[in-house]
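Chains as they are written, first to last, in UniProt numbering: chain P, 1 to 66; chain Y, 1 to 66. Note that CB positions come from ideal geometry on N, CA and C, so glycine has one too.
If you want it as C-alpha cells, here you go:
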C-alpha cells in the first residue's frame, strides 16, 4: 500500500468530504479529508492505482488538486 | 402562494444548495438559494405549509435559519 497526502482546493463542508471520500472509495482507494487543512490523505494499492487516477477522481468531483 | 426570504447560515457550496433546495422540494415548497448572500427565497402554499415547517426542513439539513 502507498500513502499520499494531496492538497485539494474548494472543499468547504461535510458534503464535500463525503463527495471526495466517496469518489476515492469508488475507485478502490481509501481517503480521509482534513477539511481545516484542505488536504486529503489517501491510501491505495500502487499495483492497482496510480496517483494520477486518484487526482482525476477528486477533480471529477469539482475540486482542484495541487 | 406566499413568498419569504430567509437568512441561512452555513451554506458554503453547491452541495449545500442542493441539500437545502431538495429538502424544501420534499415538503412541497419551492426554494432558491443565493449562496453569495446566504439567503433562501422560498415560495410555498400557506394553506399547506407554515414558515416554521420551512425553517425546520432547512435546519434538519444542518443549517441555522436566522
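Interface with chain Y (8 Å Cβ-Cβ cutoff): residue 15 of chain P is included. Rounded to the nearest whole angstrom, the C-alpha separation of residue 58 of chain Y and residue 46 of chain P is 43 Å. Rounded to whole angstroms, the gap between the alpha carbons of residue 64 of chain P and residue 30 of chain Y is 32 Å.
For residue 26 of chain Y, the uninterrupted alpha helix (DSSP H) run begins and ends at 14 to 26, by DSSP. The alpha-carbon of residue 56 of chain Y is positioned some 10 Å away from that of residue 27 of chain Y. Between the region 4 to 24 of chain Y and the region 34 to 43 of chain P, the count of C-beta pairs closer than 8 Å stays below three; the two stretches do not touch. For residue 57 of chain P, the three-state secondary structure derived from DSSP is helix. With contacts defined by Cβ atoms closer than 8 Å, residue 61 of chain P and residue 20 of chain P form a contacting pair.
By the criterion of a C-beta distance shorter than 8 Å, residue 25 of chain P is surrounded in its chain by 31, once the five residues flanking it on both sides are discounted. By the neighbour-count criterion, in which 16 or more other beta carbons inside 10 Å mark a residue as buried, residue 23 of chain Y falls on the buried side.
Rounded to whole angstroms, the separation of the alpha carbons of residue 54 of chain Y and residue 37 of chain Y is 19 Å.
Only 12 and 13 from the region 3 to 14 of chain Y bring a Cβ to less than 7 Å from some Cβ of chain P. For residue 19 of chain Y, the chain P residues whose Cβ falls inside 7 Å of its Cβ are 15, in order along the chain.
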